[in-house]
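> This is the structure, below, for whatever I ask next.
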Amino acid sequence: MARTAIPGRLTWRAATVTAVRDETPTARTLTLDVPGWPGHLAGQHVDVRLTAPDGYSAQRSYSLASASPTVELTVQVLADGEVSPYLGTAVKPGDQLELRGPVGGWFVWRPTDPAPVLLVAGGSGIVPLMAMIRTRAAAGSRTPFRLVHSARTPADALYATELARRTRDDAGLDVHHVWSRTAGRLTVATLNTHGWPPDFAPACYVCGPTGFVEAAADMLVALGHSPRLVKTERFGGTP
Amino acid sequence: MAIVSPGFHGRRRADPDLPPGQYLTTDFPVLSAGPTPRVPADRWQFTVTTETGAATTWTWADLTAMPARDVTVDIHCVTKWSKLGTTWRGVPVSAFLEDVDTAADYAMAHSYGGYTTNLPLDDLLDDQAWVAYRYDGDDITPEHGGPVRLLVPHLYFWKSAKWLRGLTLMLEDSPGFWETAGYHDYGDPWREQRYQGD
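Protein chains in written order, with full-length UniProt numbering: chain A, 1 to 239; chain B, 1 to 198.
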């Protein structure tokens, strides 16, 4: 098991929204200015705290979508959510919120890791995996990357335009989409065709809703991947 | 530092049953770091190992023959969800320690699949911790840690190791899996001990 010491206390920092961009009709990316940000690893997350005028506060965790040192969060709006509708529709440039992190030393990819990488994303579970793709590009890494991304329809797919550009420009990155509304759920055959052979001992990162992650991780193990090389993270959107 | 978001109102008022920073959920989210191990109950074993290496092992048949308790507890995940009034059946951890000769102050829980988490031994005694094998009136499913998981509801739920296979008693504290990755060594939700240094 990887050992990553994160010394010291994670303090709440003031973050200012500097830009907001729509990703899909129900998801937005917030770019944040966070003075003193220590940098992060691809795959880490942050805690966000919102405080209402009456003092009520709520916290949620969000994966970082960007390569360090840029701090970007992609928020999928859940209609009955408490925090995501505010971050995903109301917040605007100049607004402030509190943030602490980065958190998590397990579901991370480092450009110095030599193994080929298989990313398996379900829906908005692509967010921390996109941070890995962006970190790879920012570092000039040649590590072979394959992404299998399952989304309901092309209109639901986060980062589709950027991924199309990167597939063309980032040598060694392959992207395969599964449109689940028409093609059905992710299958073993798809992971077998668009993943890596287990003999290559790829580092596998699986992120998405629980059912998706359970199924995809089981398929990878059934295909012969060592469970030790399959890292999982649940990310179904947070309310 | 108090930054107020004028447009944010929140839906819920403070709930006295919720530790700080938690929100209420009625489903049962899953958090784990890798594929779910499938451990058939008839091959499950649980081993307590002391600081001198003395080991005692129980099987599924041993476990389910021991006096069990039905408990209703609130559970709090460090990822911010809390679930109230969950019902479990299990054997108190202290029942496995009665005949164990130890001077240890800490324990490392070990799981099938390689997961570990550290706890003070005192937090495993009395009516605080169980070796649980039923949830909500049924077998515990693999994704929720079945056939057998640790249940230590007064600490964040990552301390309630899924797929439990053993406890190693330790004279000194030592970080487990998430604790090594930046999470708190103790993990009291009421003191919001999420991360190292909290």
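Where is the CB? At the ideal position from N, CA and C, for every residue including glycine.
According to DSSP, which residues form a beta bridge with residue 75 of chain B?
Taking the second sequence and counting its residues from 1, one reaches residue 75 of chain B at position 75. According to DSSP, residue 75 of chain B bridges with B:83.
> Looking only at its chain, what residues have a beta carbon closer than 8 Å to the beta carbon of residue 100 of chain B, apart from the 5 residues adjacent to it on each side?
Translated into the one-based positions of the second sequence, residue 100 of chain B becomes position 100. Correct list, in chain order: 48, 50, 54, 56, 169.
> For a contact defined as C-beta to C-beta under 9 Å, what are the partners of residue 191 of chain B on chain D?
Looking for chain D here will not work: the only protein chains present are A and B.
> Kindly list the residues whose CB is nearer than 8 Å to the CB of residue 132 of chain A, restricted to its own chain and excluding five residues on each side of it in sequence; keep chain order.
Stepping through the first sequence from its first residue, residue 132 of chain A is reached at position 132. These residues qualify, in order along the chain: 42, 43, 109, 117, 119, 145, 205.
> Would you report the Cα separation of residue 82 of chain A and residue 25 of chain B, rounded to the nearest angstrom?
As a working note, residue 82 of chain A is residue 82 in the first sequence. As a working note, residue 25 of chain B is residue 25 in the second sequence. Looking at the two C-alpha atoms, the distance is approximately 12 Å.
> Do you know offhand how far residue 106 of chain A's Cα is from residue 166 of chain B's?
Residue mapping note: residue 106 of chain A aligns to position 106 of the first sequence, counting from 1. Residue mapping note: residue 166 of chain B aligns to position 166 of the second sequence, counting from 1. Taking the straight line joining both Cα atoms gives about 23 Å.
> With a threshold of 8 Å between beta-carbons, can residue 65 of chain A be considered close to chain B, or not?
As a working note, residue 65 of chain A is residue 65 in the first sequence. By this cut-off, residue 65 of chain A is not an interface position.
> Using the three-state DSSP reduction, which class does residue 40 of chain A fall into: helix, strand or coil?
Translated into positions along the first sequence, residue 40 of chain A becomes position 40. Looking at residue 40 of chain A - three-state DSSP - the assignment turns out to be coil, as it is neither helix nor strand.
> Enumerated in chain order, which unbroken segments of the beta strand (DSSP E) with a length of 3 residues or greater are wholly contained in the region 129–175 of chain A?
Listed in chain order, the complete beta strand (DSSP E) runs (minimum 3 residues) inside the region 129–175 of chain A are 145–151.
> Interface residues of chain B around residue 96 of chain A at Cβ under 7 Å?
Against the first sequence, residue 96 of chain A aligns to sequence position 96. Result: 3.
> Going by the beta-carbon positions, is the gap between residue 63 of chain B and residue 152 of chain B smaller than 8 Å?
The count along the second sequence starts at 1 and reaches residue 63 of chain B at position 63. The count along the second sequence starts at 1 and reaches residue 152 of chain B at position 152. The answer is no: Cβ separation not under 8 Å.
> Skipping 5 residues on each side, what residues in its chain have a beta carbon closer than 6 Å to that of residue 85 of chain B?
Indexing the second sequence from 1 puts residue 85 of chain B at position 85. Contacts found: 72.
> Taking only three categories from DSSP, how would you classify residue 173 of chain B?
Along the second sequence, one-based indexing puts residue 173 of chain B at 173. In this structure, residue 173 of chain B counts as coil in the three-state DSSP scheme.
> Could you pull out every residue in the same chain whose Cβ sits closer than 6 Å to the Cβ of residue 127 of chain A, ignoring the five residues on either side in sequence?
Counting from 1 along the first sequence, the entry for residue 127 of chain A is found at position 127. Taken in chain order, the residues that qualify are 63, 65, 74.
> Using 8 Å as the Cβ pair cut-off and three pairs as the minimum, do the region 84–102 of chain A and the region 7–17 of chain A touch?
Yes, they touch.
> Can you tell me where the beta strand (DSSP E) holding residue 101 of chain A begins and where it ends?
Walking along the first sequence from the start, residue 101 of chain A turns up at place 101. Where residue 101 of chain A is concerned, the enclosing beta strand (DSSP E) stretches over 96–103.
> DSSP puts residue 231 of chain A in a beta bridge; with which residues?
Position 231 of the first sequence holds residue 231 of chain A. DSSP lists A:205 as partners of residue 231 of chain A.
> Looking only at C-alpha atoms, which of B:18, B:69, B:140 sits nearest to residue 39 of chain B?
The sequence position of residue 39 of chain B within the second sequence is 39, counting from 1. Cα-wise, what sits closest to residue 39 of chain B is B:140.
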